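Protein chains in written order, with UniProt numbering: chain V, 1 to 249; chain A, 1 to 249. Positions of the beta carbon are idealized from the N, C-alpha and C atoms, including for glycine. Computed from a predicted model, the values in this text were never measured in an experiment.
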DNA sequence: CGAATCCTTGAATTATCTCAATGCCCGTGG
DNA sequence: CCACGGGCATTGAGATAATTCAAGGATTCG
């Protein structure tokens, strides 16, 4: 039972919150923030812990404050597909839905800012800024999901790996607000198997393609999880995207 | 130029609208409906016509009133992936975005109920019911996209075909409000190539797998596009889903 | 040190794709 | 009316990318 293993985290001011400007609360004014402050509580999870099982009753919604979580679907015979990669500021849960549709797992140590579902839903009705921001975030997620569908349906294994690295580099850069230079280092928060679940591949294929990209000089490895990208443009070419996704000027 | 080929359609009362209870306007009260009625105009397209090209400026949003449209992404070398299948009541376009992200194509003759983007956005701010319904619809689409990701990433060609038939049967049934019986007929609005673009396959593989399902008695063909499903449960098994998606009692 | 994880690499197998030929259906024009 | 062409679908044979099965290497942690 996840609830028994998790640690409680002490209260923190919304004003200092690292995700204040990107999360569901991004648009809130001071009054609204005070109201949210009443509702919120933190929960934290260790790397590897399951936050929610698909099919479980879920009576909260939450924002990822720090760490990374995944959304996965599993078929009866065990085939798994990741359907969401949740980075800080991303939202978990669906207003109006009691039952979780996906497994949510903490890939790294994870802190979430939670709201009980009912009060949050009431707040959505009363304060339009939360609902507005949630719509915007959901539309962004839908765009990301569609990008991901192109990857899953049509890209080669090599392109899939390159695309994943590009995606992580991009989100990483936008989070740390630094302009991605042409040389940059990406901390890969996923095991090979998790990457495989993301990309619709086997872990062996992931490993082979990473080796191939390394052999061809597209990336360098610093340990297993740290990846250096000497030439971002080159990586983006390998990803097969028609645009650079606005990563370069 | 699509705009030159399309026909204008005469005005129609929202009260009589076939998608009144499912579209973005579903939650609107009488006053709000009057306001929307002012804004709306119909456009229709012939089967095969392109509604919007990805990258084009798009200064309207719309609901599909009748017919079917697709959202597709294309890579430089021509690989195509369908990322959305728009049936009546589905919404096209994104408030707050000028530029279309996907190609939108009419697969059958198509009628859309359009709103110029700016007035629609103003309306969203003023009347929460439109924004609320749009959030709900977007969340549903996101769920559908995630289901689709599992299909693209992990299902076999045979399972993909069975899943597609199940999806169309389900949406068809919910639109016509009839309980799917164990024997039912599905009108397939897609060519083999379009099915392939949906499923991340080639058209040859689609054709082969349809033949295989026919050979094995899972489906029967009535012409090329009409498909009879003698035993829905059997089809759902073939689709590899762990649940029946609520189609059977 | 030994066990547990995670990762890499190889060899054989297989699902799907590619290329190519043929068939079916329907509308058009001779 | 029939022949023809175009669009769509089917089927086969060979090629190929990715998977499966299997072994072994690296790293961490008690």
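- Membership of residue 212 (chain V) in the alpha helix (DSSP H) is indicated by the continuous run 203-215.
- If you ignore the 5 residues before and after residue 58 (chain V), its C-beta comes within less than 8 Å of the C-beta of 52, 93, 97, 98, 99, 100, 117, all in its own chain and listed in chain order.
- By DSSP's assignment, residue 80 (chain V) forms a beta bridge with V:74.
- Along the region 143-156 of chain A, the positions whose C-beta sits under 9 Å from a C-beta of chain V are 143, 145, 146, 147, 148, 149, 150, 151, 152, 153, 154, 155, read in chain order.
- The contact set of residue 76 (chain A) on chain V, defined by CB atoms closer than 7 Å, consists of 242 in chain order.
- When C-beta distances to chain V are compared with 9 Å, the residues of the region 81-100 of chain A below that value are 81, 82, 83, 84, 94, 95, 96, 97, in chain order.
- The beta-carbon separation of residue 65 (chain A) and residue 28 (chain A), rounded to 16 Å, does not stay under the 8 Å limit for a contact.
- When the five nearest sequence neighbours on each side are left out, the beta carbons in the same chain lying within less than 8 Å of the beta carbon of residue 226 (chain A) are those of 185, 186, 187, 188, in order along the chain.
- At least one CB of chain V lies nearer than 8 Å to the CB of residue 200 (chain A).
- The beta carbon of residue 70 (chain V) sits no closer than 8 Å to any beta carbon of chain A.
- Three or more Cβ pairs drawn from the region 71-90 of chain V and the region 142-160 of chain A lie within less than 8 Å of each other, which places the two stretches in contact.
- Check the Cα spacing between residue 46 (chain V) and each of V:165, V:68, V:215: the tightest is with V:68.
- Counting C-beta atoms within 10 angstroms of its own C-beta, residue 209 (chain A) has 16 or more neighbours from the protein chains shown and is therefore classed as buried.
- Of all residues in the region 211-245 of chain V, only 240, 242 come within less than 7 Å of chain A when Cβ atoms are compared, listed by chain position.
- For the region 125-138 of chain V, the set of positions with a beta-carbon nearer than 9 Å to some beta-carbon of chain A reads 125, 128, 131, 132, 134, 135, 136, 138 in chain order.
- With a threshold of 8 Å between beta carbons, residue 171 (chain V) makes no contact with chain A.
- Taking 8 Å as the CB threshold, residue 79 (chain A) lines the interface with chain V.
- In the structure shown, residue 110 (chain V) falls within a strand segment according to DSSP collapsed to helix, strand and coil.
- For the options V:44, V:240, V:103, V:143, the alpha carbon positioned closest to that of residue 166 (chain V) is the one of V:240.
- Apart from the 5 residues on each side of it in sequence, residue 201 (chain A) sits with its Cβ closer than 7 Å to the Cβ of 157, 160 in its chain, given in chain order.
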